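See structure below.
Number of protein chains: 2
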Amino acid sequence: MTDTVGFLLGKLGQQVNVRFAGRLAPLGLRPRHCAVLELLSGGPLAQLELAKAIGVTASVVVDMLDELEQLDAIRRVRDAADRRRQLIELTPTGRELRHQTLSLARQNDEELLAAISPAEAAALRHTLGRIAAATGLIAK
Amino acid sequence: MTDTVGFLLGKLGQQVNVRFAGRLAPLGLRPRHCAVLELLSGGPLAQLELAKAIGVTASVVVDMLDELEQLDAIRRVRDAADRRRQLIELTPTGRELRHQTLSLARQNDEELLAAISPAEAAALRHTLGRIAAATGLIAK
DNA sequence: GGCATATGATTCGGTCGCCGAATGATATGG
DNA sequence: CCATATCATTCGGCGACCGAATCATATGCC
Chain A
1 MTDTVGFLLG KLGQQVNVRF AGRLAPLGLR PRHCAVLELL SGGPLAQLEL
51 AKAIGVTASV VVDMLDELEQ LDAIRRVRDA ADRRRQLIEL TPTGRELRHQ
101 TLSLARQNDE ELLAAISPAE AAALRHTLGR IAAATGLIAK
Chain B
1001 MTDTVGFLLG KLGQQVNVRF AGRLAPLGLR PRHCAVLELL SGGPLAQLEL
1051 AKAIGVTASV VVDMLDELEQ LDAIRRVRDA ADRRRQLIEL TPTGRELRHQ
1101 TLSLARQNDE ELLAAISPAE AAALRHTLGR IAAATGLIAK
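Respectively, the protein sequence lines represent chains A and B.
Sequential numbering of the first sequence, starting at 1, is according to this note's numbering.
Sequential numbering of the second sequence, starting at 1001, is according to this note's numbering.
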């Protein structure tokens, strides 16, 4: 059991999130917000698009955006072409926050991968990416 | 961000757990119970020992054990040497359940690793184990 | 031996993140 | 112009977890 990849992934993933959350806390962010900032860095998206991409329901997105709006990291803009939709766009503050989270994520990686060789780390990254893509477990 | 190992681990781990939970549901179990069954297969343990090993508080262990007791998978036995402690031991039913969960975990792995070569899978298992050990993220 | 203090299990209340159903506004097709 | 669909939002609830309080038992100290 403890030697299955599934178990290790599950437990490690959980712990990694906790650790990352600790790093993020000073910014007033939690891990889930990072994916949002990341996605928005490619350009504005509607809330339902965000929900799909992240893999949560629309109501969860509302909450996350409320929080990000509080931090002045995003803006909701009514889509002129379809006034039901809110287009979410990054503010300059949001862009700045995204850079910081990126840096924290890399810091996190360094700590996580300190015990293994760079080659092994690269292989790991590659393998995880393959699995994620193959199993469709991470929305692309 | 989405290319950091930490992010991939976190997201994948989460999803893997959800998937595993689905397989487990017919047995009336959830992922967290598996660790308990696994730990107990090595012999009886007190509840606080379980809590430490799993990384949750004592009150959570109480709940989990209540559920496992309901399924007749475990028994609570007062420690004669220290009557405050409950020694938790697997029943025959518990042992059987453990075998089933193990088989499900392996099935889960097969599906997860279908996209990569056996060699790559072995490397992955090895690397994850190293990281878990080095970072102390998984209680041993 | 008797008492203060520590420790194990348990209960209880609260928090957090998530979901699903209901709602209101807007769009779209007949 | 109305029926129906879709987007964002609100609301109630659930499951997993924590921390404080409680009760029984153990242990150290006088």
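Beta carbons are placed, not taken as given, at the ideal position from N, Cα and C, and that holds for glycine.
If you're wondering where the values come from, they're calculated on a predicted model, not measured in any experiment.
Margin query: With the cut-off set at 8 Å, would you say Leu65 of chain A and Arg76 of chain A are in Cβ contact?
Written below: As a first step, residue 65 of chain A is located in the first sequence; it is residue number 65 there, counting from the start. As a first step, residue 76 of chain A is located in the first sequence; it is residue number 76 there, counting from the start. Against a cut-off of 8 Å, the Cβ pair of Arg76 of chain A and Leu65 of chain A comes out as a contact.
Notebook entry, point to check: Hey, does Ala1123 of chain B have any beta-carbon neighbour from chain A nearer than 8 Å?
Noted result: Looking up residue 1123 of chain B in the second sequence gives position 123. Yes - at least one Cβ of chain A is within 8 Å of the one on Ala1123 of chain B.
Check: Could you give the C-beta distance for Glu1067 of chain B and His1033 of chain B, rounded to a whole number, given that I count them as a contact under 8 Å?
Finding: Counting from 1 along the second sequence, the entry for residue 1067 of chain B is found at position 67. Counting from 1 along the second sequence, the entry for residue 1033 of chain B is found at position 33. Indeed they touch by this definition, with Cβ atoms about 7 Å apart.
Checklist line | Supposed contact pair Leu1024 of chain B and Pro1031 of chain B - C-beta distance, whole angstroms, cut 8 Å | finding: One-based indexing of the second sequence puts residue 1031 of chain B at position 31. One-based indexing of the second sequence puts residue 1024 of chain B at position 24. 6 Å between Cβ atoms; contact.
Notebook entry, point to check: Looking at Glu89 of chain A and Pro44 of chain A, is the spacing between their C-beta atoms short of 8 Å?
Noted result: By 1-based counting over the first sequence, the position of residue 44 of chain A is 44. By 1-based counting over the first sequence, the position of residue 89 of chain A is 89. In contact: Pro44 of chain A and Glu89 of chain A (Cβ atoms closer than 8 Å).
Next item on the list: Please decide whether Leu1128 of chain B counts as near chain A, where near means a Cβ-Cβ distance under 8 Å.
Entry: What you label residue 1128 of chain B is simply residue 128 of the second sequence in a count that begins at 1. True, the Cβ-Cβ gap to chain A drops below 8 Å.
Margin query: For a contact defined as C-beta to C-beta under 8 Å, what are the partners of Ile88 of chain A on chain B?
Written below: In the first sequence, the residue the question calls residue 88 of chain A occupies position 88. Going along chain B, no residue has its Cβ under 8 Å from Ile88 of chain A, so there is no contact; the nearest lies around 17 Å.
Notebook entry, point to check: Among the residues of its own chain, which have a CB less than 6 Å from the CB of Asn1017 of chain B, if the five just before and after it don't count?
Noted result: Stepping through the second sequence from its first residue, residue 1017 of chain B is reached at position 17. Result list for Asn1017 of chain B: Pro1031, in chain order.
Next item on the list: Report, in whole angstroms, the separation of the C-beta atoms of Val61 of chain A and Ala73 of chain A, which I expect to be a contact under 8 Å.
Entry: Reading the first sequence from its first residue, position 61 is the one you call residue 61 of chain A. Reading the first sequence from its first residue, position 73 is the one you call residue 73 of chain A. With a Cβ gap of about 14 Å, Val61 of chain A and Ala73 of chain A do not count as contacting.
Next item on the list: Could you name the residues that DSSP lists as bridge partners for Arg1075 of chain B?
Entry: As a working mapping, residue 1075 of chain B is identified with position 75 in the second sequence. In the DSSP output, where bridge partners are listed per residue, Arg1075 of chain B has B:Glu1089.
Notebook entry, point to check: Is the distance from the Cβ of Gly1006 of chain B to the Cβ of Ala123 of chain A below 8 Å?
Noted result: Numbered from its first residue, the second sequence carries residue 1006 of chain B at position 6. Numbered from its first residue, the first sequence carries residue 123 of chain A at position 123. Contact flag unset, no.
Check: Who does Leu1045 of chain B pair with in a DSSP beta bridge?
Finding: Translated into the one-based positions of the second sequence, residue 1045 of chain B becomes position 45. Answer is B:Ile1088, bridged to Leu1045 of chain B.
Checklist line | Residue closest to Pro118 of chain A, alpha-carbon to alpha-carbon, out of B:Ala1121, B:Thr1127, B:Ser1103 | finding: Taking the first residue of the first sequence as 1, we reach residue 118 of chain A at position 118. Checked all of B:Ala1121, B:Thr1127, B:Ser1103; the closest Cα to Pro118 of chain A is B:Thr1127.
Check: Nearest chain A C-beta to Ile1116 of chain B closer than 8 Å, yes or no?
Finding: In the second sequence, residue 1116 of chain B corresponds to position 116, counting from 1. By this cut-off, Ile1116 of chain B is an interface position.
Next item on the list: State the DSSP-derived secondary structure class of Ile54 of chain A, mapped to helix, strand or coil.
Entry: Position 54 of the first sequence, counted from the start, is the residue given in the question as residue 54 of chain A. Looking at Ile54 of chain A - three-state DSSP - the assignment turns out to be helix.
Checklist line | Contacts of Glu120 of chain A in chain B (Cβ-Cβ under 7 Å) | finding: Position 120 of the first sequence, counted from the start, is the residue given in the question as residue 120 of chain A. The answer, in chain order, is Thr1127.
Next item on the list: Let me know the secondary structure DSSP gives Gly1010 of chain B once reduced to three states.
Entry: Counted from its first residue, the second sequence places residue 1010 of chain B at position 10. In the structure shown, Gly1010 of chain B sits in a helix (DSSP, three-state: H, G or I).
Check: Quick one: which chain A residues come within Cβ less than 7 Å of Gly1006 of chain B?
Finding: Within the second sequence, residue 1006 of chain B is the residue found at index 6, counting from 1. Result: Val16, Phe20, Ala105, Asn108, Asp109, Leu112.
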